[in-house]
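Below is one structure, written out as structure tokens, with a few remarks after it.
Residue numbers (the numbering used here): 1 to 184.
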């Protein structure tokens with residue numbers, strides 16, 4: 001059953017906590033054919049000093065707080081590697097992934113990131129479009145990367161994250177792609 005939202009929810013983006021793991025795992029399970037085990041989230045939150053874990057939550061007065069999206073980025077030297085990003089299916093196409101990615105990129109740039117990298121399924125064109133809108137470009141392919149169906153991964157990267165134009169766009173973006181912002 002598909003649920004259509006009558007209005008865009010009020011979303012808060014914050015750091016992930018241990019008590020978020022149940023809801024984050026459910027989003028992961030609904031989003032990916034190879035979800036992470038709960039122990040992986042626990043490790044990322046508590047033990048991995050290079051991991052930056054964030055969630056998007058909706059808090060509407062008539063319902064309990066609900067986690068609707070999550071992202072984990074590993075900051076290794078000046079490379080911010082996007083390990084996972086997912087939005088609950090009923091909240092997709094509302095700009096939540098864009099806002100989550102925007103805020104987390106700003107955070108890791110402040111911590112020294114100059115490039116961002118990721119792998120995405122070849123068939124996941126919606127995610128590829130999201131990343132392209134943030135200035136990512138295809139830089140390679142990992143053949144048969146996903147063990148569930150041997151699908152290739154597309155490697156994407158965004159370079160020079162700390163340049164003034166990119167930072168200005170991240171701080172001021174109004175749902176426009178980077179290409180539109182720079183007028184290219």
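Cβ atoms here follow ideal geometry from the backbone N, Cα and C, with glycine treated the same way. Quick caveat, the model's predicted, so the values are computed rather than measured.
Legend entry - residue 79 vs residue 113 beta-carbon contact at 8 Å: On the chain shown, residue 79 is found 79 positions in, with the first residue counted as 1. On the chain shown, residue 113 is found 113 positions in, with the first residue counted as 1. Result yes, Cβ atoms of residue 79 and residue 113 sit closer than 8 Å.
Inset, instruction - Quick one: give me the first and last residue of the alpha helix (DSSP H) that residue 188 is part of. - result: Given that the chain is displayed from residue 1 to residue 184, the structure contains no residue 188 and the question cannot be resolved.
Legend entry - Minimum C-alpha distance to residue 54 - residue among 26, 123, 105 and 60: The residue you call residue 54 lines up with position 54 of the chain shown. Of the listed residues, the one whose Cα sits closest to residue 54 is 105.
Legend entry - Nearest-angstrom beta carbon gap, residue 119 and residue 97 [assumed within contact, 8 Å]: The residue you call residue 97 lines up with position 97 of the chain shown. The residue you call residue 119 lines up with position 119 of the chain shown. Taking the Cβ atoms as the reference, residue 97 lies roughly 16 Å from residue 119, outside the contact range of under 8 Å.
Inset, instruction - Helix, strand or coil for residue 69, going by three-state DSSP, please let me know. - result: Indexing the chain shown from 1 puts residue 69 at position 69. For residue 69, the secondary structure class from DSSP, reduced to helix, strand or coil, is strand.
Inset, instruction - For residue 30, count neighbouring C-beta atoms within 10 Å of its own C-beta (all shown protein chains included) and say buried if the count is 16 or more, exposed if not. - result: Looking up residue 30 in the chain shown gives position 30. Counting of Cβ neighbours within 10 angstroms places residue 30 among the exposed residues, the total staying below 16.
Legend entry - Those residues which DSSP pairs with residue 75 across a bridge: Within the chain shown, numbered from 1, the residue matching residue 75 stands at position 75. DSSP output for residue 75 lists 80 as bridge partner(s).
Inset, instruction - Return the CA-CA distance between residue 135 and residue 158, expressed in angstroms with no decimal places. - result: Translated into positions along the chain shown, residue 135 becomes position 135. Translated into positions along the chain shown, residue 158 becomes position 158. One Cα belongs to residue 135, the other to residue 158, and the distance between them is close to 6 Å.
Legend entry - Between the CA atoms of residue 151 and residue 177 - distance to the nearest angstrom: For the purposes of this step, residue 177 is taken as residue 177 along the chain shown, with counting starting at 1. For the purposes of this step, residue 151 is taken as residue 151 along the chain shown, with counting starting at 1. Low confidence applies here, because residue 177 scores a pLDDT of 48, under 50, leaving its location unreliable; read the following figure in that light. Using only the alpha carbons, I get a separation of about 28 Å.
Inset, instruction - Please classify residue 212: does DSSP put it in a helix, a strand, or coil? - result: Given a span of 1 to 184 for the chain in the structure shown, any question on residue 212 remains unanswerable.
Inset, instruction - Might you give, ordered along the chain, the residues of its own chain that have their beta carbon closer than 8 Å to the beta carbon of residue 45, omitting 5 neighbours on each side? - result: Position 45 of the chain shown, counted from the first residue, corresponds to residue 45. 16, 17, 18, 21, 51 and 53, listed in sequence order.
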